[in-house]
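If you read the sequence shown in my numbering, its first letter stands for residue 457, the second for the next number, and so on. Here a beta-carbon is modelled for each residue, glycine too, at the ideal position from N, C-alpha and C.
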Amino acid sequence: MGRMHSHGKGISQSAIPYRRSVPVWLKLTPDDIKREIYSMSRSGLKPSKIGVNLRDRLGVAQVNIAGGNKILRILRASGVAPEVPEDLYCMMKKALNIRKHLERNKKDKDAKYRLILTESRIHRLARYYRRKAVLAPNWKYDPNTASTLISA
């Protein structure tokens, strides 16, 4: 089945290790991992980038196994989680970039069509997050205010 927010159609993916225990070679404690997550979050990294950094730099394959909780849950517990979910944020950023492109290239009909598709995905995702109470019930995507939200 095709992906909703990307072009892939395959089912191939990486496999999570079967054993759900902390590897013996990992010398970091859960407190060390949480401290690293807080410092990366303060430096402005999104949760997915924090996970990639932890994996590549410190060798933490699965944060929820080594740290006891997922990255976003750790950030939420400390109150530094982003107010807009990351996937919605990335789509808003994409729509903003398409709008900037359309200001320079007014005749680009394909970009206009892609902007419509991207914004419909944003509205669908926002509806889901409002229903799940991740966003406020009165939260609404507006391209004019989205630019201030993205730059912040």
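Out of curiosity, what's the CA-to-CA distance linking residue i and residue j?
i      : j      : result
Gly500 : Asp487 : 20 Å
Leu413 : Met460 : No answer is possible for residue 413: the residues shown for the chain start at 457 and end at 608.
Arg475 : Arg532 : 27 Å
Lys563 : Pro599 : 20 Å
Ala551 : Ile521 : 35 Å
Ala517 : Ser534 : 22 Å
Tyr545 : Ile578 : 9 Å
Arg511 : Arg498 : 18 Å
Gly464 : Leu571 : 19 Å
Lys526 : Glu559 : 40 Å
What residue range does the alpha helix (DSSP H) around residue i cover?
i      : result
Tyr569 : 565-587
Pro599 : 599-607
Tyr545 : 542-560
Tyr474 : Per DSSP, Tyr474 belongs to no alpha helix (DSSP H) and is neither H nor E.
Ala533 : 527-534
Asn509 : 503-509
Ala522 : 519-522
Ser495 : 486-498
Are the beta-carbon atoms of residue i and residue j separated by less than 9 Å?
i      : j      : result
Ile506 : Ile493 : yes
Leu514 : Ile489 : yes
Ala602 : Met548 : yes
Trp595 : Tyr585 : yes
Determine the closest residue to residue i out of the options, with distance taken between C-alpha atoms.
i      : options                        : result
Leu605 : Tyr584, Glu542, Leu531         : Glu542
Ile554 : Glu539, Val480, Leu573, Val536 : Leu573
Val536 : Lys565, Ala551, Arg491, Lys556 : Arg491
Val540 : Pro503, Arg498, His557         : Pro503
Pro538 : Tyr569, Val480, Met496         : Met496
Tyr597 : Ser607, Arg587, Glu575         : Glu575
Would the C-beta of residue i count as close to the ligand SAM, meaning under 8 Å from any of its heavy atoms?
i      : result
Ser504 : Only the bare structure without any ligand can be found here, which leaves the ligand SAM out of the picture.
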